[in-house]
Amino acid sequence: MTRTNLRAATLALAATASLALAPVPAMAQSEQQRLVNQADTTLSNFLRDPEMTWLQQNIGRARAVLIAPEIVKAGFIFGGSGGRAVLVAKEGAKWNGPSFYTMATASVGFQAGVSVSEVVTLVMTQKGMDSMLAANFKVGGDASVAAGPVGAGAKSDILADLIAFSRAKGVYGGVNIDGTLVNLSDDWNRAYYGKSVQPVDILVRGSVHNKSADKLLGDVGRASGGK
85 MTRTNLRAAT LALAATASLA LAPVPAMAQS EQQRLVNQAD TTLSNFLRDP
135 EMTWLQQNIG RARAVLIAPE IVKAGFIFGG SGGRAVLVAK EGAKWNGPSF
185 YTMATASVGF QAGVSVSEVV TLVMTQKGMD SMLAANFKVG GDASVAAGPV
235 GAGAKSDILA DLIAFSRAKG VYGGVNIDGT LVNLSDDWNR AYYGKSVQPV
285 DILVRGSVHN KSADKLLGDV GRASGGK
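Under our numbering, residues 85 to 311 are what the sequence shown spells out, in order.
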């Protein structure tokens, strides 16, 4: 083999090896970041929607915000409905997160004609926040849930741990999340932050941070009356 051919073969081998050794977390992180970006878009949709005035006026009272960009009818985990979600939480004047979760229910709570909804849930109480910090919990069982009032002039005093808003192609209240199982996604959190981490570290202590989430945190902060 000539020196030129040997050098070409060495470079090709090195390139192949580098592809084989490419870290899996880098691929996984792009998947998590895509969900974070989608969550930011969903939040913006709700904040611009004239039918979501109650959410817009009361998000500042929330302890945390759970955002699910796509809750899909059937086919997620098991034959009900569900999707992935991110949770951001307020500690003092600062918003932390996100932490990653899956949402799934055995009963299809969609209205007729709705197959995909985007859902924003305000966590209003300490009990609701404590439930979110657990590895898994059942909405409506471990924490009470109410459908958020919808409409340009919506006014209502709601007493619930969680207040959920959903929309799909102009249909409001497109999915009922009562009975939904919310499960922590340890593997997604580990991929996003580069190490094993608990929700309390992400959401309360704020001991881990991914700067790629700064836009989402900033948008939630501004919507809740922060800077």
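Heads up, the beta-carbon is just placed ideally off N, CA and C, and yes, glycines get one too.
| Asked | Found |
| --- | --- |
| Among 238, 177 and 248, the one whose alpha carbon lies nearest that of residue 208 | 248 |
| Between the CA atoms of residue 118 and residue 273 - distance to the nearest angstrom | 14 angstroms |
| Residue 275 to residue 179 span [Cα, whole Å] | 21 angstroms |
| Delimiting residues of the beta strand (DSSP E) encompassing residue 202 | 200–207 |
| Inter-residue spacing [alpha-carbon to alpha-carbon] between residue 227 and residue 295 | 31 angstroms |
| Complete beta strand (DSSP E) runs within the segment 148–187 (minimum length 3 residues, chain order) | 148–157 and 165–175 |
| Rounded separation between residue 131 and residue 245 - CA only | 21 angstroms |
| Beta-carbon spacing of residue 216, residue 265 below 7 angstroms | no |
| Beta-carbon proximity list for residue 262, same chain, < 8 angstroms, skipping 5 on both sides | 193, 223, 224 and 229 |
| For residue 287, the nearest candidate out of 165, 154, 183 and 145 (CA to CA) | 183 |
| Secondary structure of residue 218, DSSP reduced to three states | coil |
| Environment of residue 162 [buried if 16+ CB atoms lie within 10 Å] | For residue 162, the predicted model reports a pLDDT of 47, less than 50, meaning its position is unreliable; a value from the coordinates is still stated below. Exposed is the call here. |
| Reduced DSSP secondary structure (H/G/I, E/B, other) of residue 143 | helix |
| Residue 250 vs residue 200 beta-carbon contact at 7 angstroms | no |
| Residue 120 classed as buried or exposed, judged by whether at least 16 other C-beta atoms fall within 10 angstroms | buried |
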